[in-house]
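>
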Ligand code: PLP
Ligand code: COI
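In my numbering, the protein residues as written are 4 to 343.
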């Protein structure tokens with residue numbers, strides 16, 4: 004199959020429309036079959052639930068070309084399940100999980116010419132989402148919904164690729180106890196925009212959010228979970244009910260334990276201990292694993308021993324192993340790669 008003429012190695016993380024997208028509609032209490040369409044525009048009521056009260060949830064995953072030329076999607080069943088949790092929390096109808104995976108596979112197949120070739124460093128980002136489309140003016144859930152999946156070829160999320168990042172401790176909170184921090188709802192990202200623009204204006208790549216109840220514990224960034232490595236090589240990740248349960252993080256913790264034989268801990272991580280870690284990284288579908296070299300808290304710098312030039316050694320091993328699994332060079336655990 005002929006690939007599109009795209010400069011794959013120089014892609015950033017930006018929207019490039021592809022040929023087909025999937026659309027299904029929920030009306031009178033049920034979903035229709037859905038279909039692929041070429042139309043990338045959406046026409047809706049000025050009073051649609053999504054426009055007035057931000058009733059929208061989404062997912063993010065990637066398709067890759069493996070070394071032996073297959074197209075694979077990384078663990079879409081887990082995205083389907085998290086999508087269902089997100090929809091439930093925002094009083095939206097469930098989109099059946101098997102249909103979710105089917106729609107994702109069909110959309111990737113229909114845009115096969117945009118799946119970046121093996122070795123390019125790029126991937127096809129997949130964005131499923133669902134939103135209230137019928138008019139809502141009193142505060143209540145919409146009655147009709149649309150589910151869509153589009154794809155877009157992407158390169159690294161952070162410019163500079165794998166250069167260690169400098170992040171700052173945010174004065175803003177991301178999620179409240181018993182709030183929506185654990186789901187993937189547009190509203191969580193809308194309220195993070197001021198914080199990220201502020202961080203960028205001050206010269207930082209990202210924010211480290213603390214728990215809003217006590218502001219003593221590390222939570223996550225605007226778009227990724229944290230991994231830390233202790234000086235004796237244990238991989239530590241924050242446990243919290245107000246962060247997004249990252250599929251990349253869960254996969255990396257498995258890789259650390261079962262492929263690399265490392266000790267792993269998912270637990271409360273106090274900001275006061277951050278200075279004692281040897282390595283720090285951000286993990287997520289978009290971020291993959293992006294190393295952090297420095298954390299700044301109101302002018303006070305914490306510099307990790309791994310420095311500002313390259314990833315720390317454990318982070319590098321985690322990165323190489325996960326990449327190897329995604330590229331089909333290292334055997335994947337059962338069910339991790341969905342072949343398109
Ligand atoms: N945390 C937030 C707030 C995110 O938006 C994302 C991205 O999806 C992640 C963490 C990483 O999750 P995943 O690894 O499932 O992509
Ligand atoms: C992802 O990693 O898929 C996300 O949704 C994060 C987003 C900030 C791009």
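Where is the CB? At the ideal position from N, CA and C, for every residue including glycine.
Values in this document were obtained by computation on a predicted structure and should not be read as measured data.
#1: Take residue 276 as the anchor and find which of 200, 115, 291, 221 has the nearest alpha-carbon.
#2: Would you mind stating whether residue 232 and residue 318 have Cβ atoms separated by less than 8 Å?
#3: Can you tell which of 21, 321, 287 has the C-alpha that lies nearest to the C-alpha of residue 187?
#4: For residue 342 versus residue 104, is the C-beta spacing smaller than 8 Å?
#5: Taking 6 Å as the limit, tell me which residues put their C-beta closer than that to any heavy atom of the ligand COI, in chain order.
#6: Please tell me whether residue 40 and residue 65 are closer than 8 Å, where the distance is taken between their beta carbons.
#7: Quick one: using the 10 Å Cβ neighbour count with 16 as the cut-off for buried, is residue 43 buried or exposed?
#8: Please state if the CB of residue 14 and the CB of residue 156 are separated by a distance shorter than 8 Å.
#9: Is it the case that the region 54 to 74 contacts the region 87 to 94, given that we only count it when at least three CB pairs across the two stretches are under 8 Å?
#10: Between the alpha carbons of residue 124 and residue 140, how many angstroms are there, rounded?
#11: Say the cut is 7 Å; is the CB of residue 210 nearer than that to a heavy atom of the ligand PLP?
#12: Going along the chain, which unbroken runs of the beta strand (DSSP E) with 3 or more residues stay wholly within the region 235 to 273?
#13: Straight-line CA distance for residue 148 to residue 96?
#14: Pairing CB atoms from the region 165 to 176 with CB atoms from the region 23 to 39, are three or more of them under 8 Å?
#15: Considering only the alpha carbon of each residue, which of 142, 107, 177, 67 lies closest to residue 329?
#16: Using DSSP with H/G/I as helix, E/B as strand and the rest coil, what is residue 56?
#17: Excluding the 5 residues flanking residue 130 on each side, which residues of the same chain have their C-beta closer than 8 Å to its C-beta?
Answer, in terms of the structure:
#1: 221
#2: yes
#3: 287
#4: no
#5: 63, 226, 287, 288, 289
#6: no
#7: exposed
#8: yes
#9: yes
#10: 46 Å
#11: no
#12: 238 to 241, 267 to 270
#13: 8 Å
#14: no
#15: 67
#16: helix
#17: 61, 62, 63, 152, 153, 154, 155
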